[in-house]
Amino acid sequence: MPLHLEPLNVSDQLQICESVLIVSCPVCPPVSLATDRAAPFKNLLKNGIKTAAYEDFICETREALEQSGVRTGVFTSYMPCAAMCIWTQGQRNRLLKRAKGFEAALVMGCESARCTVQEVLKDTGCKTVLGMGLIGITNATLKFRFPSTITLEDPVRVTANEKVANLPSAGA
Ligand code: SF4
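Sequential numbering from 586 applies to the sequence shown in my numbering.
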């Protein structure tokens, strides 16, 4: 049930930053870019588990920033949990270390991904900027095409209302 996210124009928010770390959630954004660009979700032989359409988007974002003289880096995390909304403490610690020296973290993910990054970086001078906006929830038919391509057929967006509520914690 991936969220459908669309890139936001954040140039105003990054205008005075000389360095930006792109913090990328590898779950919903790749599905969003693959369906938006009518591109394969995976080509396992060519790109492994990465989604080419999403990798292209990250490259385009970096190039646009670097053309304006901004130093960029990319941080993403697959193991032990890819979804940024439920990262482990170890993954949060790794981001804190990686973000050192960057003025801003550009989050490619949803509002919950932004919450994770903002919480991790709250005691640093690195500001958190959300780079994607929620459009809805994707519904599609996952299809394997021989020899190594996975596509998302007949995608539709299911609209969703954004609402935040606290839930009881298992660790409380
Ligand atoms: S953080 Fe957001 S974009 Fe990433 S997996 Fe969770 S819901 Fe999807």
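Note that CB positions come from ideal geometry on N, CA and C, so glycine has one too. None of the values given here were measured: they were computed from a predicted structure.
Roughly how many angstroms separate the alpha carbons of L618 and T723, rounded to a whole number?
Answer to the nearest angstrom: the Cα atoms are 11 Å apart.
Indicate, with yes or no, if ligand 1 has a heavy atom lying under 6 Å from the CB of C613.
yes
Do G721 and T744 come within 7 Å of each other at the CB atom, strictly closer than that value?
yes
DSSP state of I643, grouped into three classes?
helix
Excluding the five sequence neighbours on either side, which residues of its own chain have a C-beta within less than 7 Å of the C-beta of P611, listed in chain order?
T661, Y663, A667
Backbone CA spacing between V595 and E640 [nearest angstrom]
19 Å
Any contact between the stretch 681-691 and the stretch 600-615? By contact I mean 3 or more CB pairs, one from each, below 8 Å.
Touching, yes.
Does chain D have any CB closer than 7 Å to the CB of D708?
The structure shown contains no chain D; it holds only a single protein chain.
DSSP three-state call for D708: helix, strand or coil?
coil
In whole angstroms, what separates the C-alpha of G716 from that of I634?
23 Å
Hey, is C700 close to ligand 1, as in C-beta under 6 Å from one of its heavy atoms?
no
Please classify V705 as buried or exposed, where buried requires at least 16 neighbouring CB atoms within 10 angstroms.
Answer is buried; the Cβ neighbour count reaches 16.
Let me make sure I understand the geometry here. Which of R622, A649, L630 has the alpha-carbon closest to that of N638?
Reading off the sequence, residue 638 comes out as Ala, not Asn. For the residues R622, A649, L630, the minimum Cα distance to A638 belongs to R622.
Kindly identify the DSSP beta-bridge partner or partners of V526.
In this structure the chain extends from 586 to 757, so residue 526 is not present and cannot be described.
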